[in-house]
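For the sequence shown, our numbering gives the first residue as -6, with consecutive numbering after it.
Where a beta carbon is used, it is the ideal one built from N, C-alpha and C, also for glycine.
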Amino acid sequence: MATRAKKISIYLRFDIGNSTGLGHASRCIELAKNLKKNFNVNLCTNFEAKKILKNKEFNFFIKKKNEKEVNYISRIAKNKNEKILFIDNLYNYKSGIIKKVTQKFIKIFFYQNFSKGIQKSNIIIDPTPNLNSSRNIKKKYKDTKIFSGEKYLIVPKSYSYKKKNYLGISFGGSDPKLISFKILKYLNKMKWRNNTYLFLGPMFKFKNQLKEKIVMSNIKICNFDKRKFLQSSLAICSPGVTAFELLNNKVFSLYISHSKKHHNLGKYIVKKFNYSKNLKIYNELNFDDFKKIINYYWNCKKNPNSFKQKKLNIMYNSCKKILRLILNETKQK
């Protein structure tokens, strides 16, 4: 009787906290669910992530407090089992560490990361459309395999909920640029009278200070609640994973970005689905523009025909495509 082949281990590297937010964790967990039938899945992350995720389905390989990233990656590499490394982390890895650990893994995949240290034998996966047409990318990574396009965009599946009549606001797990303070200031200044929930992520550190800024009783500050946010009749958020979940629930959203990179993502989402409005980057947004836009779209939401909606074809098969890619590139059967 033939013995069952031993599964290869895959280590998913991501973090939660500070500017990272929850997006990397959300998509890695979604990917992990699709990988577990073919691989032994290990979540390589910080202790804060383990505490927040409370996931008992997968093994954790925890990064020690104050441990340098190069030391952490080296420690992962020392595991003696056959293994693959999947990096979904913004850290800019240098060539020394990646060259050193590449030989310890069957293959290393970088997701939405173009580090200086990427080697020829590594694989880059990026959901940015038409990435391969970029001359700079082609020149810099001419010997590295790149798989790009929206078919690799990981969007966690979410349920559809019945909308309720309130404005929902959220700027991710940590709101690193403290956009919440600016929006609350604008709402107070314009004497916004509609029911509003300002949702704060688990890593937001200034909840008490923000509450002190509230002037009107119609604005409630509370911990992030995905279901409640997806029930908003109009939303304000940063473009990212949550933006796609709002699209799935047909919640029209106004995007305020933390950075130029997020702003470009917002432009892509608006062009692709035509069911959101991309505002300026947080430090370029002024009061007059904000007041005009939010009043306009709050009034529009009362008439569903006000929004010219494209078919919301959200990509939910991306994890399966990435699984097949990993299997093909590692020749795993």
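Mind listing, in chain order, the continuous beta strand (DSSP E) runs of no fewer than 3 residues lying wholly within the segment 175 to 231? Fully enclosed beta strand (DSSP E) runs of 3 or longer: 189 to 193, 212 to 216 and 227 to 230.
Please report how far the alpha carbon of L5 lies from the alpha carbon of K155, in whole angstroms. Counting only the Cα atoms, K155 lies some 34 Å from L5.
For V148, which of helix, strand or coil comes out of DSSP? When DSSP states are grouped into helix, strand and coil, V148 belongs to the coil group.
Would you check if the distance between the CB atom of I91 and the CB atom of G110 is smaller than 8 Å? Judged by their CB atoms, I91 and G110 are nearer to each other than the 8 Å cut-off.
To the nearest angstrom, how far is the alpha carbon of Q224 from that of E75? The alpha-carbon atoms of Q224 and E75 are separated by roughly 45 Å.
I91 - containing alpha helix (DSSP H), residue span: Counting along the chain, the unbroken alpha helix (DSSP H) around I91 starts and ends at S88 to T95.
Quick check: the segment 180 to 191 against the segment 205 to 222, are there 3 or more CB pairs under 8 Å? With a cut-off of 8 Å, the segment 205 to 222 and the segment 180 to 191 count as touching, because enough Cβ pairs lie within range.
Taking only three categories from DSSP, how would you classify Y268? Collapsing the DSSP output to three states places Y268 in coil.
Among K56, K204, K100 and N52, whose alpha-carbon lies nearest the alpha-carbon of I214? Each of K56, K204, K100 and N52 was checked against the Cα of I214, and the nearest Cα belongs to K204.
Measure the CB-CB distance between S173 and N241 and report whether it falls below 8 Å. Their beta carbons are not under 8 Å apart, which means S173 does not touch N241 by this criterion.
Could I get the ranges of all uninterrupted alpha helix (DSSP H) runs contained in the segment 24 to 61, with 4 residues as the minimum, in chain order? Counting only runs of 4 or more, we get 40 to 46.
Taking all protein chains shown into account, decide if Q202 is buried (16 or more other Cβ within 10 angstroms of its Cβ) or exposed. By the neighbour-count rule (16 or more Cβ atoms within 10 Å), Q202 is not buried but exposed.
Excluding the 5 residues flanking Y86 on each side, which residues of the same chain have their C-beta closer than 6 Å to its C-beta? Closer than 6 Å at Cβ, skipping near neighbours: S108 and G110.
Under the three-state reduction of DSSP, which class applies to I315: helix, strand or coil? It is helical.
Beta-carbon separation of F53 and I77 under 8 Å? Cβ distance not < 8 Å, so F53 and I77 don't count as in contact.
Beta-carbon gap between S361 and I229 smaller than 8 Å: Beyond the ends of the chain as shown, which are -6 and 326, falls residue 361; an answer cannot be given.
Just how far apart, CA to CA, sit Y309 and V263? Computed Cα separation, rounded: 18 Å.
K157 versus T235 - alpha carbon distance: Near 18 Å, if we compare the C-alpha coordinates of T235 and K157.
Nearest candidate by alpha-carbon position, reference E50, set S19, A25 and L247: The candidate whose alpha carbon is nearest that of E50 is A25.
How should L180 be labelled, buried or exposed, when 16 other C-beta atoms within 10 angstroms of its C-beta is the threshold for buried? Buried.
What does a CB cutoff of less than 6 Å around D168 pick up in its chain, not counting 5 residues either side in sequence? Cβ-Cβ distances below 6 Å link D168 to F197 in the same chain, with the five nearest sequence neighbours on each side left out; the list follows chain order.
Could you check what DSSP says for D136 in three-state terms: helix, strand or coil? In this structure, D136 counts as coil in the three-state DSSP scheme.
Among S252, N72, I147 and K93, whose alpha-carbon lies nearest the alpha-carbon of N276? Nearest C-alpha to N276 among S252, N72, I147 and K93: S252.
Three-state secondary structure assigned by DSSP to L78: Here DSSP, grouped into helix, strand and coil, assigns L78 to strand.
In whole angstroms, what separates the C-alpha of V34 from that of L160? Going by the C-alpha atoms only, they are around 38 Å apart.
For I116, which beta-bridge partners are listed by DSSP? Note: I116 sits in a beta bridge opposite F102 and K138.
What's the C-alpha gap between P195 and K73? Their Cα atoms are separated by approximately 35 Å.
Relative to the alpha-carbon of K105, which residue among I117, T95 and K175 has its alpha-carbon at the smallest distance? Note that residue 105 is Gln in the sequence shown here, rather than Lys. Of I117, T95 and K175, the residue nearest in Cα terms is I117.
Can you give the Cα-Cα distance for N82 and G233, rounded to whole angstroms? Between N82 and G233, the C-alpha separation is close to 15 Å.
If I follow the unbroken beta strand (DSSP E) through Y290, where does it start and stop? Counting along the chain, Y290 sits inside no beta strand (DSSP E); it lies in the alpha helix (DSSP H) bounded by residues F280 to C293.
Could you work out which residue in R220, K71, N279 and I307 is closest to Q96 when comparing CA atoms only? That would be K71, whose Cα lies nearest to the Cα of Q96.
From K30 to E322, what does the alpha carbon distance come to, in whole angstroms? In this structure, the CA atom of K30 is about 17 Å from the CA atom of E322.
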